[in-house]
Each structure stands twice: as C-alpha cells, then as structure tokens.
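J.: When you number the sequence shown by numbering that gives the first Met the number 0, it's gap-free, plus one each residue, and the end is 480.
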Amino acid sequence: MGLKFFNTLSRAVQEFAPLDGKRVGMYCCGPTVYDFAHIGNWRTFVFGDLVRRHLEFKGYDVRHVMNVTDVEDKIIRRVRETKTTLREFTGKFETAFFDDLKLLNCHMPHVTPRATEFIGEIVALIEKLIARGIAYQAADGSVYFSIEKYRGCGCTYGQLLKLNFDEMRPGERVASDEYEKESLADFALWKARVPDDGDVFWPSPWGEGRPGWHIECSAMSMKVLGESFDLHLGGEDLKFPHHEDEIAQSEGATGKPFVKYWLHGAHLLVEGKKMSKSLGNFFTLRDLAAKGFTGREVRYALLQAHYRETFNFTLDGLTGARTALVRIDECVGKLRAMGAPNSDSARLDSPGQQRADSEIGAPAALAARFTAALDEDLNISGAWAAVFDWVRETNKRIAENSLSPADAAAALAAWEKVNSVFGVGAAAEAEAPAEIVALLEARQAARKAKDFKRSDEIRDELKAKGWVVEDSPKGPKLKKA
Ligand code: AMP
Ligand code: ZN
C-alpha cells in the first residue's frame, strides 16, 4: 500500500510520489537560534524526524536538510541587548539545539546550512528577482518583493492559504520578518543597514545590509536540494508569511514549481494553554530534564498525537509516557533474556514462528499494522495500538511458555523495525533483567572481598546467560554477548 500525506498545497491527503522515484529531498525549517528551543519547537522537530524515519523505513533514500536561522530580526535584537557578537550569541544556542536533538534521539539531518554562510546565494537569488522585475530597491535602501508584479506574471501568491487581496494597497511594504496576513504587503528580501544592526551586515549590490528571513530558506533549500524538491516541513505558524514567501521568491526566480508536498505540524499547548513565560508553562528540554524526565520519555510523549492535531502537553502525560515505556522495555527485555539470537540476524519469517502472520501479536502483524497506520498520513494512534496489542500478546505467550527462542527472535526483529521509526527503545544494556543486574552486583561484591574465584564464576554464569561484563574506569557495564 502506498504512503499518503496531507499536502497543505492541495488541502488533501495525497499519494506520495517523489519527483525522482526513490530519492527524496526534504527540507525542514530549522531553529532560530536566539534562545533554547522549547517543547513546542521540539514537537515540530520530532515530527520532522518521524517523517524522515518513516520514509527511510519505506526504502526511500532521503536527503534531509535543516537550516539554522542565525540572522534575523529577533537575533539582532538580542545580540544588541547582550552586547555580544552574532557568532558568539548564536553559537551557544546552536550547540544546545544539536545536543537536545541528540537527546531526543532525532537523526542528525544530512545537511544543516547556516544562513550566514549562504549570503552569496541569497544575493544571487535577489539579483535574479530584480532582473525578472519582481523585486525592487525602495527609497529606504532595502530590496522588496513586489506581490503585484509577481501576480502580474501569472503566478499565484496565496498557495498555502487563501488571501484577501482587496485589502492590499499596491506598493505598501512590510519590513519585519514576521507579520499577520492582514498586513499583506511587499516584504523585505534585503534590509539596508541601520544603526541598530551593530556589526551585523554584509556588502551587497544594494549597499550594506542583511537578508530577510524568508529569502534565507529559499536560497539554502534550492542550493542544497535543487530548484524543485519533494518535501518541505514546519510548524503551522510558518504557512504565512514564511512559507508563502518562500514559494513566491523561489518560483518567481526559477519559473518552476518549488516544492511538491508541504507538511505542517499543529501546535503544542501546555496544560491546555499557549506556552508563555509569564504563565510558568514554558518548558525547554533542560527544564524537563531538571524535573527528572529523560529525552526518551519526552520523545514518546511528543509522538502520541497526530501531527495535524493540537497536542496538549502535560507533566502527567510525561509520567504516563514513563509507565508506557516501562511496559515496552519489560517486554523487550524478556524477549532478549530468552536467549534470542541477535536481532540483526533474526528474520520475520523465522521457521520457529508457529502462528498465522495475521494473528494479533504475531511479529508480521505488528509490522503490517504499524506500516499501514503510518502510511495513512502518519496515523500515529493506529501505529501505537499495533505496538501495545503486540506487547500484550507477547507477554501472554511468554507467561504461557509458548514462545520458542526463534519466536522471540522474530518478535525482537519486528520490534527493532518499529523502533527504527519511533526511536523510543532503550539500549540493550539498559534493559538487563533484574536477575542479571543482581548477578552483576554479586560479582562486584565478590571482587571487593577479593574473592576472585567467585567473581570469575559469576562472570561465566553471566556469559552463559548471554551477557558480558566490561570493566571500565567508571565501573562495570553489562552488554549483550
Ligand atoms: P523557530 O525557532 O521559532 O523558528 O521555530 C522552530 C519551529 O518550531 C517552527 O517550525 C515553528 O513552526 C515551530 N513551533 C513554534 N512554536 C510551536 C508550538 N507551540 N508548537 C509546535 N511547533 C511550534
Ligand atoms: Zn524556513
């Protein structure tokens, strides 16, 4: 069955067919590095990671690009307020962003371009728009995109949402990066240097200045992925003006369709309210770590709601995530302890698998139901239902003693496939069953008492059960043999 996504461009769920067969170019609008990313931002980035992982699971060769917005209005304001340099200021938040991305077990995008390293491409793109008569330099020295001229060329402004042009006064301009659709007007591509910009400026054919936010993404995405590519993602607030302006700039310059599928994630609320510092419901990943929650728990919680539905994030929900993960860990831990062969070598169609593939809880059924659900515009609750049906049935069969080691291997292989997309599984050593941990502790006690004969015996016992002990300066570590 084919993969389908809701495409904001067509306002419909559509079959996914990449421009170039198996290769997929995917651009996610990345962080604006003026502060630590908050849990709402993380919802959108984890959604991007889910899309990429599912595409890879389906066999596509994905090129995942996520930019770093390291120059725009908010950043300049903070650089001025903190009296730092642009690079010092953004570098700190960029490092924190990538640390957090790892903590949430998101795959690192293949390319992470910084806007400040693409000034040449940005200038060239603006020159193209000027040459085509779609952009102009205004009296304030800045260069603006002319919506009237663009529409006059037969192009559509307002592809992602309907806009009311009756309100628009031709030639009216908006200089800031963010504005409401009621302020529909020519927007800035290049902003002429003003004293408040401090040291943040570059030379250009139009004098010193800096790029607007929207042109940055057009230039970076087309440079890395080509003039037309498959997927563009972001939070729903980016539809207008950011993404609409990206389409206008790119299609205005190339005359080609910019992006085939636009995917937008709905926003996250905290305890039912919009996040704000004054309400005390504004969480970064660091805030949640200080409350004792792990990246894995946060990732699990963020993967609970369908991406197009508003998600209500609560601390209770995060505690629920912990409980759910323990259920999965216990089941997977038991399967591993059954002496199942390494899951890499296990096969779903293992001959030891006695049951019909369609039976709920059978490894093949888990894989099939999981895939079918995610193929349907990422139906995440259907995918989790498949996982928890499998956990329940697997536990039952373990309790009944009706699972052979080969069955266990097949079950683990199915779980590993699911987990290649969800990315919430614990590392094997973290899942050592209590009995194994107790043996390790007994070995430590024996070593402390200098009873090396006993400690060697325990080591051999652990090995017979499929675990090896690695001694390191930080203490012993358990690993699957
Ligand atoms: P920014 O760093 O502000 O450019 O935002 C990074 C990403 O987070 C963008 O794709 C935004 O659409 C997204 N975003 C911002 N606020 C939220 C929220 N409350 N819930 C979900 N996504 C958000
Ligand atoms: Zn962008």
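Ideal Cβ placement from N, Cα and C applies to all residues, glycine included.
1) Taking DSSP as the reference, what is the three-state secondary structure of Leu102?
2) Go through its chain and collect everything with a Cβ distance to Val12's Cβ below 6 Å, but skip five positions before and after it.
3) Alpha carbon to alpha carbon, how far is Thr83 from Phe200? Give it in angstroms, no decimals.
4) Between Leu237 and the ligand AMP, is the CB less than 6 Å from at least one heavy atom?
5) Taking the alpha-carbon positions, what's the Trp466 to Leu477 distance?
6) List the residues that DSSP assigns as beta-bridge partners of Asn6.
7) Which residues in the same chain as Asn280 place their Cβ atom closer than 7 Å to its Cβ, once the five residues preceding and following it in sequence are excluded?
8) Inspect the CB distances between the segment 42-59 and the segment 169-180 and report whether three or more fall short of 8 Å.
9) Is the closest heavy atom of the ligand ZN to the C-beta of Cys28 under 6 Å?
10) Name, in chain order, the residues that DSSP records as bridge partners for Glu116.
11) Assuming Ala247 and Tyr156 make a contact with CB atoms under 8 Å, what is their CB distance in whole Å?
12) At which residue ranges does the segment 16-77 contain complete beta strand (DSSP E) runs of 3 or more residues, listed in the order of the chain?
13) In three-state terms, what does DSSP make of His231?
14) Exposed or buried, Gly234, counting other C-beta atoms within 10 Å across all chains shown (16 or more means buried)?
15) Under three-state DSSP, which class holds Glu375?
16) Specify, as a first and last residue, the run of the beta strand (DSSP E) that Asp185 falls within.
17) What do you get for Val436, buried or exposed, if any count of 16 or more other CB atoms within 10 angstroms of its CB means buried?
18) Met221: buried (16+ other C-beta within 10 angstroms of its C-beta) or exposed?
19) Using the three-state DSSP reduction, which class does His109 fall into: helix, strand or coil?
20) Hey, could you find the ends of the beta strand (DSSP E) Arg209 is sitting in?
21) In chain order, what residues of the same chain lie with their CB nearer than 6 Å to the CB of Asp343, ignoring the 5 residues before and after it?
22) Answer with buried or exposed for Cys152, where buried requires no fewer than 16 other C-beta atoms within 10 angstroms of its C-beta.
23) Secondary structure at Asn280, three-state DSSP: helix, strand or coil?
24) Pick from Met219, Gly254, Phe282, Gly251: whose alpha carbon is nearest that of Ile118?
25) Is it the case that the CB of Cys330 approaches a heavy atom of the ligand ZN more closely than 6 Å?
26) Relative to the alpha-carbon of Leu162, which residue among Met25, Ala184, Asn66, Val142 has its alpha-carbon at the smallest distance?
27) Should the segment 128-135 be called in touch with the segment 310-326, which here means at least 3 C-beta pairs below 8 Å?
28) For the ligand ZN, is there a heavy atom less than 6 Å away from the beta-carbon of Cys216?
29) According to DSSP, what are the bridge partners of Glu144?
30) Using 10 angstroms around the beta-carbon of Met107, count the other beta-carbons present and answer buried if the total reaches 16, otherwise exposed.
31) In terms of alpha-carbon separation, which member of Val468, Ser227, Arg458 lies closest to Pro17?
32) Leaving out the 5 sequence neighbours to the left and right, which residues in its chain are closer than 7 Å to Ser169 when beta-carbon positions are compared?
33) Does Trp261 come out as helix, strand or coil in the three-state DSSP assignment?
34) Hey, out of Arg307, Asn378, Leu365, whose CA is closest to Glu391's CA?
35) Taking the alpha carbon of Asp165 as the point to measure from, which residue in Gln158, Leu159, Lys180, Cys154 has its own alpha carbon closest?
36) Give every residue of the same chain whose Cβ lies closer than 6 Å to the Cβ of Phe257, excluding the five residues on either side of it in the sequence, and list them in chain order.
T.: The relevant details are as follows:
1) Start at 1 with the first residue of the sequence shown, and residue 102 comes out as number 103. Assigned with DSSP and collapsed to three states, Leu102 falls in helix.
2) Stepping through the sequence shown from its first residue, residue 12 is reached at position 13. Same-chain partners within the cutoff: Lys3, Phe5, Asp376.
3) In the sequence shown, counting from the first residue as 1, residue 200 sits at position 201. In the sequence shown, counting from the first residue as 1, residue 83 sits at position 84. Their Cα atoms are separated by approximately 15 Å.
4) Against the sequence shown, residue 237 aligns to sequence position 238. True, at least one ligand heavy atom lies under 6 Å from that Cβ.
5) Here residue 466 corresponds to residue number 467 of the sequence shown, with the count starting at 1. Here residue 477 corresponds to residue number 478 of the sequence shown, with the count starting at 1. Looking at the two C-alpha atoms, the distance is approximately 6 Å.
6) For the purposes of this step, residue 6 is identified with residue 7 of the sequence shown, where counting begins at 1. Paired residue(s): Ala11.
7) The residue given as residue 280 occupies position 281 in the sequence shown. Around Asn280: Val269, Glu270, Lys272, Met274.
8) Remark: fewer than three beta-carbon pairs, one from each stretch, lie closer than 8 Å, so the segment 42-59 and the segment 169-180 are not flagged as touching.
9) Against the sequence shown, residue 28 aligns to sequence position 29. Yes, since a heavy atom of the ligand ZN falls inside the 6 Å radius drawn around the Cβ of Cys28.
10) The count along the sequence shown starts at 1 and reaches residue 116 at position 117. As far as DSSP is concerned, Glu116 takes part in no beta bridge.
11) The sequence position of residue 247 within the sequence shown is 248, counting from 1. The sequence position of residue 156 within the sequence shown is 157, counting from 1. Cβ atoms of Ala247 and Tyr156 come within 8 Å of each other, at about 5 Å.
12) Counting whole runs of 3 or more residues, the segment 16-77 contains the beta strand (DSSP E) stretches 22-27, 60-65.
13) As a working note, residue 231 is residue 232 in the sequence shown. Residue state, collapsed to three classes: strand.
14) Your numbering for residue 234 matches position 235 in the sequence shown. Buried.
15) Here residue 375 refers to the residue found at position 376 when the sequence shown is read from its first residue. Here Glu375 carries a strand assignment [DSSP, helix/strand/coil].
16) On the sequence shown, residue 185 is found 186 positions in, with the first residue counted as 1. Note, Asp185: beta strand (DSSP E), 185-191.
17) By one-based count along the sequence shown, residue 436 stands at place 437. The residue in question, Val436, is exposed, as its Cβ has fewer than 16 Cβ neighbours within 10 Å.
18) In the sequence shown, counting from the first residue as 1, residue 221 sits at position 222. Answer is buried; the Cβ neighbour count reaches 16.
19) Working through the sequence shown from its first residue, we reach residue 109 at position 110. If DSSP states are grouped into helix, strand and coil, His109 belongs with coil.
20) As a working mapping, residue 209 is identified with position 210 in the sequence shown. It spans 208-210 - the beta strand (DSSP E) in which Arg209 sits, taken as one unbroken run.
21) As a working note, residue 343 is residue 344 in the sequence shown. In this prediction, Asp343 has a pLDDT of 44, which is less than 50 and means its spatial position is unreliable; what the coordinates show is noted afterwards. Within the same chain, and ignoring the five residues on either side of Asp343 in sequence, no residue has its Cβ closer than 6 Å to its Cβ.
22) Position 153 of the sequence shown, counting from 1, holds the residue named residue 152. Answer is exposed; the Cβ neighbour count stays below 16.
23) Translated into positions along the sequence shown, residue 280 becomes position 281. In this structure, Asn280 counts as coil in the three-state DSSP scheme.
24) The residue labelled residue 118 in the question sits at position 119 within the sequence shown. The shortest Cα separation from Ile118 among Met219, Gly254, Phe282, Gly251 belongs to Met219.
25) Here residue 330 corresponds to residue number 331 of the sequence shown, with the count starting at 1. The answer is no for Cys330.
26) The residue labelled residue 162 in the question sits at position 163 within the sequence shown. Out of Met25, Ala184, Asn66, Val142, Ala184 has the C-alpha closest to the C-alpha of Leu162.
27) Too few Cβ pairs lie closer than 8 Å, so no.
28) By 1-based counting over the sequence shown, the position of residue 216 is 217. At least one heavy atom of the ligand ZN is nearer than 6 Å to the Cβ of Cys216, so yes.
29) Taking the first residue of the sequence shown as 1, we reach residue 144 at position 145. First, the residue type needs correcting, since residue 144 is Phe and not Glu in the sequence shown. Ala134, Phe186, per the DSSP bridge assignment.
30) For the purposes of this step, residue 107 is taken as residue 108 along the sequence shown, with counting starting at 1. Looking at its Cβ environment, which holds fewer than 16 other Cβ atoms inside 10 Å, Met107 is exposed.
31) Here the question's residue 17 lines up with position 18 in the sequence shown. Here the closest residue by C-alpha is Ser227.
32) For the purposes of this step, residue 169 is taken as residue 170 along the sequence shown, with counting starting at 1. A small fix is needed here, since residue 169 is Pro in this sequence, not Ser. Its chain contains Glu147 as the residues whose beta carbon lies nearer than 7 Å to that of Pro169, once the 5 sequence neighbours on both sides are disregarded; these appear in chain order.
33) Against the sequence shown, residue 261 aligns to sequence position 262. Assignment of Trp261 by DSSP, reduced to helix, strand and coil, places it in the strand class.
34) The residue given as residue 391 occupies position 392 in the sequence shown. According to the sequence as given, residue 391 is Arg; it is not Glu. Among Arg307, Asn378, Leu365, the Cα nearest to that of Arg391 is on Leu365.
35) Start at 1 with the first residue of the sequence shown, and residue 165 comes out as number 166. Residue Lys180 is the option with its Cα nearest to Asp165.
36) Sequence index remark: in the sequence shown, residue 257 carries index 258 (1-based). Excluding residues up to 5 positions away in sequence, Ile246, Ser249, Glu250 lie with their Cβ nearer than 6 Å to the Cβ of Phe257 in the same chain.
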